[in-house]
Amino acid sequence: MTAGTGEQRERERGFDHTEIEPRWQRTWDDEDVFRIPDDAEDPEYVLAMFPYTSGELHMGHVRNYTITDAYARFERMRGESVLHPMGWDSFGLPAENAAEERDTNPRDWTMDCIDSMTEQFKSMGFGYDWDREITTCDPDYYQWNQWLFKRFREEGLVERQGAELNWCPSCETVLADEQVEDGDAADEICWRCDTPIEHREMDQWFFTITDYAEELLEALDDLEGWPNNVREMQRNWIGRQEGASVAFEIPGYGDVDIFTTRLDTIYGATFFSLAPGHPVAQEIAEDNDDVADYIQEAEQADEDELDVTSGVFTGEYAVNPASGEEIPVYVADYVLTDVGTGALYAVPAHDERDHEFAEAHDIDIVQVVEPTDDADVDPDDVDVQEAAYPEDGMLVDSGEYDGLTSEAAREQFVEVFDGEHRTEYNLRDWGISRQRYWGTPIPMIHCEECGHVEVPEKDLPVELPEFVHTTGNPLDAAEEWKAVECPDCGGPAERETDTMDTFVDSSWYFLRFISPDGEARSASETASGDGGPASMADAPFDSERASDWMPVDQYVGGIEHAVMHLLYARFFTKVLDDIGLVDGVREPFTNLTNQGMVLGEDGNKMSKSKGNGVSPQRIVDEYGADTARLFIMEAAQPEKEFAWSPEGVRSAYQFLQSVYDLADELAESSADPSGSGAATAGDDEEDPVAAYVEREIAATTARVTEEFEAFRFNHALQAVRDLVSLLRRYHERDGSDQATVERGVRAVAKLLGPVAPHVGEEVWERLDGDGLLAEAEWPEADLPADYDVASRLVENTREDVRDIVETVGIENPEEITLVVAPDWKHEAHQFARDSDADNLVGALMGREEIQRHGSDAADFAKDLQAEREALSDVLAPEAERAALDRAAWLIEDEFEATVVVQAAEDAAEDIAGNAQPGRPAIRID
């Protein structure tokens, strides 16, 4: 790749990216091109997921932010007011670890990273409204996390719960369920560091996202602008199950509710299972040492140590409300406390886990459902002693209900056994407590007398103390910061030392961009009295403006956030609407694009360990930001992954230089008083070649607009490349119309401008375009009438000529004659396409205008009959001849031969007879 700079120096023409890119970036800044006023009405809101402050951009960043920048520039040129902001997801454990490693503090490390990344973003030419920049680790941002926590608590959406939680021993913090990933074998691992997780019982603060489970699920159907796979991932994560609850009595302990989706199998229950954390299990353990020991072991076990056959018999029995039989009660860790009710009746004949447990503990297996007559499985082939049969079917051995279908039985049994219909969700409440320093302090105080008390609003923000280098939770070691007076009783109390999950920061940041001008205030600036903060606005964003500007129209980011950030942001938005901070905004993002990964040249994920990474800065230094942007956007559609290609980068660079060269030549030609000898508009009454080029300019403009709208940037850019190639070819042709070429290059500058804005500006300026290209109007054009049909005609004809030349071995053709089929063949062709007659030949020969052409007509009718399913639309004879006249120069240039286009009546009979609609006859002399 190092040859790039040498190639540039050897060029006689061309631009110097090291000169033009900083210059245009300064110009855009000076002119406030990307600034959007607060009084804009319903702007196009284009947003990429804001970056974590790692300090360096990687190619994934470049791709993500190029996509939104290109789209934002496109919409701005189309006359839209565009909100395209940037900020920093700047809290989190990596900064804390980096500070520990470098003996510094997370704030200084983070701010240095932001400074570095800001310069890198600006060097890429990304057009952001930097006046709206936000940084989540600044008190003027995270004070609103604390304020929102208080509002959520006021609405009953915050709880403090003791729960078995996911603990990462490496990060030394709790993980939400969404932050636990499947690892090798049966391990569950930390999403951040891949360390196998442990489970601990801890008191934590939770947002009760489960209160919104139903709406979060149902509203997915309306998110038509989201990828189907993301919606399906959220559906599965929320995991609604329709079932029923019934009570089993355990004598001495009362009724125990269970939840099941298979109430039809209740007659087959042969044992009863309790989760180790179930209250009845805990009560039994008080008097049963075996149960107590088992519960203790289960609580200490890692997830990968759990065994579906693990369990202990309690010595107690539950009464099956269906049969009246007593069945043994076990405590088993395959039953989860927070799933369903933490208790279940077990039917080993019809559940695989129950079957495995029953075999291990020598428990009866009783079949109560068998396949129906129309099932794919023969009832005689089902042996529940060998394996569970989990499918629906027909009830057997179920007393008076034998013969009922599973579906009918489930419905009846709810009433028969005094149960109730119930809906359960896999979704769990969102534990937001983290035992780390670099995050938003949770605004709570613990008083021995008063319990948990909120920090008064006038004392917000609760700012972080100086960083303490320690293991465990650093805020626990900040003794002076931790000690406070209780806001209620004035007695000694302690601050909450957990900080918020950083996903809280990103659950509403898109709203803060709308009005980021709230002032931060420290505790020392607190006003006296019980009112709100002295210098702090009364809400985290302007509600009226947010209600107008939201939702985000186009959101771009990684698929890895499908069930974390994207779900939490949806939850927050619904809550904010319910508490009146926005009006009628229930979803944050109308359209979502998950960009694909940029792989290394070897096709593997880029990584330092593989040595296959590519530095964006090196590409910018060697080839320029526009080259990097163009290559990334050309390589694949945004959602597809692709491998890095040095050849592709060089191709993008050379293409941009060729566009500039063409503009430069035109500018020099216009400046030359003697002219270039080229024709000018008006030299001829009608120039078919210029007409062809004009049609291609219009068609390309229409196509690129359509492809940009559909986020198919690679298709759009290929169309631009094709147009530039055509313009270069036409420009070098004797007698070309310079005005037509210049119109084409001006269009290219606009079409290319969103992706390669620096070169676009340079070309625009070279051709004396008015103002800045970034503020120019997007070219408007409709696809010319019958363009696709005409293009297919031209391409097929050119290919046919090539085939003849190659097959016959004609080395130097002098004249190529193209003959358009006669009117009657076109009429027959159209009749064949429109007709539904079984006997097409008879129908055609019954038409006088066809019949009078005798055997020629009969033969052609047979051909149409044979090919009728594949017949495509064709141009009328005059339109076909005009299209070939316009494109004849392409064939002339390719073969250096004269091209003659004739109507059938003007051509020799022997050649005219071979012409067909859409396939002119060809003679080469």
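Residues are numbered in the working numbering as their position in the sequence shown, beginning at 1, plus a constant of 75.
Glycine included, C-beta positions come from ideal geometry on N, C-alpha and C.
DSSP places F647 within a helical segment (H, G or I) once states are collapsed to three. Check the Cα spacing between G237 and each of T498, D504, D332 and D426: the tightest is with D504. Judged by DSSP in its simplified three-state form, T384 adopts coil rather than helix or strand. The way I'd put it, the stretch 433 to 450 does touch the stretch 466 to 482; three or more beta-carbon pairs between them come closer than 8 angstroms.
DSSP places S947 outside both helix and strand once states are collapsed to three, so it counts as coil.
With distances taken between CA atoms, M672 lies nearest to M708 out of E697, G655, M708 and T285.
With contact defined as three or more Cβ pairs closer than 8 angstroms, the stretch 856 to 868 and the stretch 948 to 963 are in contact. For P403, the enclosing beta strand (DSSP E) has its first and last residue at E401 to A407. If you draw a straight line from the Cα of E116 to the Cα of V627, it comes to about 14 angstroms.
Between I142 and V724, the gap from beta carbon to beta carbon reaches 8 angstroms or more. DSSP places L893 outside any alpha helix (DSSP H); the residue lies instead in the beta strand (DSSP E), whose first and last residues are E890 to V895. In terms of CA proximity to E740, V820 leads the group G314, V820 and H133. By the criterion of a C-beta distance shorter than 6 angstroms, E119 is surrounded in its chain by E150, E155, V157 and D628, once the five residues flanking it on both sides are discounted. The three-state reading of DSSP puts F717 in strand, counting E and B together. Comparing alpha carbon positions, the residue from I325, V410, E953 and G399 closest to E391 is I325.
For Q991, the secondary structure class from DSSP, reduced to helix, strand or coil, is strand. F323: member of the beta strand (DSSP E) spanning R315 to I325, first to last residue. DSSP places Q670 outside both helix and strand once states are collapsed to three, so it counts as coil. Q629 sits in a strand when the DSSP states are folded into three classes.
Three or more Cβ pairs closer than 8 angstroms define a contact, and the stretch 974 to 993 falls short of that threshold against the stretch 766 to 784.
A621 is a Cβ neighbour of I589, given a cutoff of 8 angstroms.
V650 counts as buried, since no fewer than 16 other beta carbons sit within 10 angstroms of its beta carbon.
The stretch 488 to 500 makes contact with the stretch 309 to 325; the number of CB pairs closer than 8 angstroms reaches 3 or more. The alpha-carbon of D985 is positioned some 41 angstroms away from that of Q793. According to the DSSP assignment, L122 belongs to the beta strand (DSSP E) that extends over E119 to A123.
Between the stretch 163 to 177 and the stretch 846 to 853 there are fewer than three inter-stretch CB-CB distances shorter than 8 angstroms, so the stretches are not counted as touching. Among the bridge pairs identified by DSSP, V249 is matched with W242. The Cβ neighbour count for K900, taken over all protein chains shown within 10 Å, is at least 16; the residue is labelled buried. Around the beta carbon of V795, 16 or more other beta carbons sit within 10 angstroms, so the residue counts as buried.
Between Y476 and A463, the gap from beta carbon to beta carbon reaches 8 angstroms or more.
Using a Cβ distance threshold of 8 angstroms, P591 and I209 count as a contacting pair. Setting aside the 5 residues that flank it on each side, E924 is surrounded in the same chain by W899 and E902, each with a C-beta closer than 7 angstroms to its C-beta; the list follows chain order.
In the three-state reduction of the DSSP assignment, K900 falls in the helix class. DSSP, reduced to helix, strand and coil, places I517 outside both helices and strands of the structure shown, so it counts as coil.
Under DSSP, W505 takes part in a beta bridge, and its partners are F282. Scanning its chain for C-beta atoms nearer than 7 angstroms, with the 5 sequence neighbours on each side dropped, one finds around E495 the residues A319, S320 and V489, in chain order.
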